[in-house]
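Numbering (my numbering), first residue to last: 20 to 169. All C-beta atoms in this analysis are idealised placements derived from N, C-alpha and C, irrespective of residue type, glycine included. Here is the structure we will look at, set down as structure tokens.
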């Protein structure tokens, strides 16, 4: 009997064992008023694009399948990524840059690192959400959207 390693279970276990809680010790809103995010235009869901594929569920539905801890971790990373982009100053004119060039450079590195890590983290989750490791998932094969494994 040969020992087979379930890569998905191993990866999930490693992530669970090394994850830190991002929910603990959340400070109270220091301004005492609602944040503006709920008053802004909603982000597009690109429903027309996703409807072109026979996905088992939409990205919004897939998000709701993630644990609250994973949602919080990814959400915090996205906020950190945008904050790092702000600090890096890439979107500002030279006259509006932070004075500390080393800080700005580090912010660029942090933003890039977070984006890479978010992608890797989600890539581990995708086989459970949209199909098995390796070959194309059944929804892509059965619809004729992807070539069969050779």
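Here the segment 100-108 makes contact with the segment 125-135; the two share three or more CB pairs at distances below 8 Å. In the three-state reduction of the DSSP assignment, residue 140 falls in the helix class, which pools H, G and I. Straight through space, the alpha carbons of residue 108 and residue 115 are spaced by roughly 8 Å.
Of the residues 104, 160, 90, the one whose Cα lies closest to the Cα of residue 126 is 104.
In the three-state reduction of the DSSP assignment, residue 133 falls in the helix class, which pools H, G and I. For residue 165, no alpha helix (DSSP H) encloses it, and the DSSP letter there is neither H nor E. DSSP, read as helix, strand or coil, puts residue 84 in helix.
In the structure shown, the three-state DSSP call for residue 102 is helix.
The beta carbon of residue 106 sits closer than 8 Å to those of 117, 122, 123, 126, all from its chain and outside the five residues before and after it, given in chain order. Comparing C-alpha distances from residue 160 to each of 87, 73, 57, 77 shows the shortest one belongs to 73.
Rounded to the nearest whole angstrom, the CA to CA distance from residue 136 to residue 49 is 30 Å.
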